[in-house]
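All remarks here apply to the structure that follows.
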Amino acid sequence: MFSLWGKPLTSIQTHKNRNWLLKCLTVCALVLWLQGCQNLPLFSSEELHPVTPQITLQESINTHTFKLSGEQTLFGVLARIETGSDDNLPDIARHFGLGYNDIVLANPTLDPWVPAAKQQVLLPARFILPDVPHKGIVINLANMRLFYFPIDQKHTLYTYPVGIGRQSWGTPTGLTEIIAKRPNPSWVVPDSIQREHAAQGDPLPKVVPSGPDNPLGHYAMLLGFNSYLIHGTNKPYGIGMQVSHGCIQLYPEDIEVLYKMTPIGTPVRIVHQPYMLAWEDNKLYLEAHPLLPKWEAQKKQLQKNLYADLRKLTKEKPVNIDWQQVEAILQRSDGVPKQISKASGSLDTAVNQVVELKRPDTWAWQNPVARLNNQDIAVLAASFKAENDAKKFAAMLNHQGPPIPARTVRNDKTFLVVAGPFKTVKQANQVIKRIKINFEMDAKLFKPDGVLLSGLN
169 MFSLWGKPLT SIQTHKNRNW LLKCLTVCAL VLWLQGCQNL PLFSSEELHP VTPQITLQES
229 INTHTFKLSG EQTLFGVLAR IETGSDDNLP DIARHFGLGY NDIVLANPTL DPWVPAAKQQ
289 VLLPARFILP DVPHKGIVIN LANMRLFYFP IDQKHTLYTY PVGIGRQSWG TPTGLTEIIA
349 KRPNPSWVVP DSIQREHAAQ GDPLPKVVPS GPDNPLGHYA MLLGFNSYLI HGTNKPYGIG
409 MQVSHGCIQL YPEDIEVLYK MTPIGTPVRI VHQPYMLAWE DNKLYLEAHP LLPKWEAQKK
469 QLQKNLYADL RKLTKEKPVN IDWQQVEAIL QRSDGVPKQI SKASGSLDTA VNQVVELKRP
529 DTWAWQNPVA RLNNQDIAVL AASFKAENDA KKFAAMLNHQ GPPIPARTVR NDKTFLVVAG
589 PFKTVKQANQ VIKRIKINFE MDAKLFKPDG VLLSGLN
């Protein structure tokens, strides 16, 4: 019999969280994959069972550092990898230097948190540079990506995914520069953020020292824009999302590299360019992204400007544009550069020209969940009727910042999400509070026993 610090588990009502989970997940448009019919020719008996050629899977791809030639503005490759059991897209994205937005937009038919095993995941590690001077740091809010052109490394480009400001705390656009750098920064909490957290029942001190609870991470670079920074994060799985109070966030491993090689005085240009064009081998490519809410009202005008630029190109160069392809790319807006010259094939042609990758034994930066023992302190985060819903919520908890270790446990006809182990009851209560604030769910202290341990998933 499970116990809940004196209360039998049967007194806990199964959470009705299916609708809630749908709200937590990013809603992506469904894709209509274009498929052609094939005629099956007659085979001899020997030809009916042809030998399948062995495909050599590549170990990895270039993710951050690139050498560009001349006026090159399209770089990188598309890759594909097969999921294993218990994989999730955020772990895969971080492993390959991508943000949440990158991998979710490119794979709209996959569940980000619980994709089935043996699913093909497209890794959109191919990018078009924004149409601005390629000097210093360039940040494109539309695809949530930073590009760094070091002055002392000619033709070298570094690129990283970023997290940006929420809709009500938008990241400013314009030209500025890095005016100061701080390792292990303390966070002086602005009054507006203090009021926001107090209203949520989560009051903050005036100063948060460096450490695991500091949202600035281990490195911060101050911008000329008042109170805005480029910094790390203690919530790395917010990279590729609108999650900050306006600052630019990088994965901890990325900000460390960028911080060390970026001098004070480096120019920083922040733009919002959802539609980008590039030439490669006399072929024209278009990369399209969804507009951020702040610019949604300008969508028609931005697309009108794009069509005007394309018509201008047809007068300057001998290019025949596939206008239906352009329209389809704009509708899909999945962030994958695709050829728009005539005879470019279907939208999926580019996706078929990919590097096939071998799945690694473990994902970089993945946090293992420690085993629970009878004497451990744990938290019952929620219970669900559907196992998949429980696995989704457990995955979300494991990707909080700092992570909340969680797993699913079968209990008769329900599936529990159990977090822990925790060193003290105080630590467990802090997690209960975080779950309430972030998910509006009532978690409870939980004491494992032998029956629970045998049902761990």
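Numbering (my numbering), first residue to last: 169 to 625.
Cβ coordinates follow ideal geometry from the N, Cα and C atoms, glycine included.
- When only Cα atoms are considered, Pro301 and Val599 end up about 46 Å apart.
- The criterion of a C-beta distance shorter than 8 Å is satisfied by Gly265 and Pro329.
- Listed in chain order, the beta strand (DSSP E) runs fully inside the stretch 256-311 are 288-296 and 304-308, counting runs of at least 3 residues.
- When only Cα atoms are considered, Gln469 and Gly331 end up about 26 Å apart.
- Our two residues, Asn542 and Asn597, have alpha carbons roughly 19 Å apart in a direct line.
- DSSP places Gln469 in no beta strand (DSSP E) but in the uninterrupted alpha helix (DSSP H) bounded by Lys467 to Glu484.
- Of His440, Trp491 and Ile432, the smallest CA-CA separation from Arg313 is found for His440.
- In the structure shown, the three-state DSSP call for Pro351 is strand.
- In its chain, beyond the 5 residues on either side, Tyr387 have a beta carbon closer than 6 Å to the beta carbon of Tyr427.
- Counting only residues of its own chain and dropping the five nearest sequence neighbours on each side, Leu525 has a CB closer than 8 Å to the CB of Leu225, Gln226, Glu227, Ser228, Ile229, Ala247, Arg248, Ile249 and Leu291.
- Ala446 and Tyr419 have their C-alpha atoms some 28 Å from each other.
- For Arg500, the enclosing alpha helix (DSSP H) stretches over residues Trp491 to Arg500.
- The secondary-structure analysis by DSSP pairs Gly342 across a beta bridge with Ile438.
- With fewer than three CB-CB distances shorter than 8 Å, the stretch 269-284 does not count as touching the stretch 375-386.
- Of Asp299, Pro377 and Asn579, the smallest CA-CA separation from Phe552 is found for Asn579.
- Gly244 and Phe295 do touch by the CB rule: their CB atoms are close to 5 Å apart, below 8 Å.
- Counting C-beta atoms within 10 angstroms of its own C-beta, Gly342 has fewer than 16 neighbours from the protein chains shown and is therefore classed as exposed.
- In this chain, the alpha helix (DSSP H) harbouring Val599 covers Val593 to Phe607.
- Taking 8 Å as the upper bound for CB-CB distance, Tyr396 and Pro353 are not in contact here, some 14 Å apart.
- Between Lys560 and Val282, the C-beta spacing is below 8 Å.
- Beta-bridge pairing by DSSP links Leu246 to Pro292.
- The distance from the Cβ of Gln521 to that of Tyr453 is about 12 Å, inconsistent with a contact at the 8 Å cut-off.
- Closest in C-alpha terms to Pro377, from the list Arg350, Leu390, Ile398 and Gly392, comes Arg350.
- The DSSP-derived three-state label of Leu384 is coil.
- Sorting Ile398, Tyr268 and Gly267 by C-alpha distance to the C-alpha of Thr430 places Ile398 at the top.
- Listed as beta-bridge partners of Asn579 by DSSP are Thr582.
- Contact between Ile432 and Ala348 holds: their C-beta atoms lie close to 7 Å from each other, under 8 Å.
- Taking a contact as a CB-CB distance under 8 Å, the pair Gly333 and His457 does not count as one, their CB atoms being some 17 Å apart.
- In the three-state reduction of the DSSP assignment, Trp337 falls in the helix class.
- As the crow flies, the alpha-carbon of Gln362 is around 6 Å from that of Leu372.
- Annotation for Met444: the continuous beta strand (DSSP E) segment containing it runs Tyr443 to Glu448.
- For Arg539, no beta strand (DSSP E) segment is defined, and its DSSP state is neither H nor E.
- Residue nearest to Phe234 within the set Val504, Gln321 and Leu390 is Gln321 (criterion: CA-CA distance).
- When the five nearest sequence neighbours on each side are left out, the beta carbons in the same chain lying within less than 8 Å of the beta carbon of Glu424 are those of His386, Tyr387 and Gly400, in order along the chain.
- When DSSP reads this structure, Phe317 sits in a beta bridge with Gly304.
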